[in-house]
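Per the working numbering, the very first residue in the sequence shown carries number -4; after that it's consecutive.
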Amino acid sequence: MIDLYSWGTPNGRKITIMLEELGLEYTMHPINIAKDDQFKPEFLAISPNNKIPAIVDTDNGQTLFESGAILMYLAEKTGKFMPTEDKARWATIEWLMFQMGGVGPMMGQTHHFVKYNADKSAYASDRYLTETKRLYKVMDARLANNEWLNGDSYSIADIATWPWVARHDWQTVDLNDYPNVARWYKTIAARPATQRGWNVPETEQKIPMP
Ligand SMILES: N[C@@H](CCC(=O)N[C@@H](CS)C(=O)NCC(=O)O)C(=O)O
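1. Looking at the strands, I want to know which residues DSSP matches up with residue 143.
2. Taking C-alpha atoms, which residue in 65, 159, 0 lies nearest to residue 228?
3. Three or more C-beta pairs under 8 Å: does that hold for the stretch 146 to 161 against the stretch 3 to 12?
4. Can you tell me which of 101, 57, 81 puts its alpha carbon nearest to the alpha carbon of residue 129?
5. For residue 167, which of helix, strand or coil comes out of DSSP?
6. Taking the CB atoms as reference points, tell me whether residue 47 and residue 21 lie closer together than 8 Å.
7. Tell me the residue span of the beta strand (DSSP E) that contains residue 98.
8. If we count Cβ pairs, one from each stretch, closer than 8 Å, do we get three or more for the stretch 58 to 72 versus the stretch 24 to 38?
9. Nearest to residue 76 by CA position, among 148, 52, 36, 65, is which residue?
10. Nearest to residue 17 by alpha carbon, out of 196, 191, 199?
11. Going straight from the alpha carbon of residue 175 to that of residue 9, what length do you get?
12. Could you tell me the distance, in whole angstroms, from the CA atom of residue 82 to the CA atom of residue 115?
13. Taking its Cβ as the centre, do 16 or more other Cβ atoms sit within 10 Å of residue 198, making it buried, or is it exposed?
14. What is the DSSP secondary structure of residue 19, counted as helix, strand or coil?
15. Helix, strand or coil for residue 0? Go by DSSP, reduced to three states.
16. If you follow the alpha helix (DSSP H) that residue 60 is in, where does it begin and where does it stop?
17. Measuring only from the beta carbon, is residue 148 closer than 7 Å to any heavy atom that is part of ligand 1?
18. Over the uninterrupted alpha helix (DSSP H) stretch that includes residue 50, give me the two end residues.
19. Can you list, in chain order, the residues of its chain whose CB lies under 7 Å from that of residue 87, leaving out five sequence neighbours each side?
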């Protein structure tokens, strides 16, 4: 059983989508980051960087923060969504790190400057939106000749990246400009586990479609 401490953001949805894919039993403990729940001592005890998501695995007491680490842990625990063959395994890790080091941090800044503070800094909006579009181009090139980010199988690299692409509307990115990303995005959006995971915690937001 997994205790999940999270909220309805792209980083949070990575884990709810993964848990729904795995069919693992989990309890959602909402951490409302708009109300500073992430600074409460009981949350800091498992997530010292005061950010969601975090988990506790009640089977063995393992606690984890950082969504990439949580995805790797759950993949290893269940033997799913992380290939064991070397080439595909390293491709999965490579594209997971691309998400953790590039897609997440850069698109997060785009949400901050382009959506929430649109009038604050033209320089920052332009810088992060340009970088965001560059990242879409990188993904589009990868997905032109590969069905999935790691090559041949749906993996934690896709699960980590999809919720950020699901914010293309916030970023003012037209997904149709990146047809291979759009194909990949729609395929994942159609998965029942994606649709269930999107809605934890329950939300009235619909999955945006290009
Ligand atoms: N690298 C971290 C980033 C987590 C993160 O940025 N979480 C945001 C929500 S998506 C958060 O908790 N923000 C609250 C805060 O910064 O106070 C991960 O992937 O888990």
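From the three backbone atoms N, C-alpha and C, an ideal C-beta is built for every residue, glycine too.
So, from the listed chains and residues:
1. 146
2. Since the first and last residues shown for the chain are -4 and 205, residue 228 lies out of range.
3. yes
4. 101
5. coil
6. no
7. It is not in any beta strand (DSSP E) - residue 98 carries neither H nor E in the DSSP assignment.
8. no
9. 148
10. 191
11. 21 Å
12. 45 Å
13. exposed
14. coil
15. strand
16. No alpha helix (DSSP H) holds residue 60; the beta strand (DSSP E) holding it covers 57 to 60.
17. no
18. Counting along the chain, residue 50 falls outside any alpha helix (DSSP H), though it belongs to the beta strand (DSSP E) covering 49 to 52.
19. 77, 78, 145, 150, 151, 152
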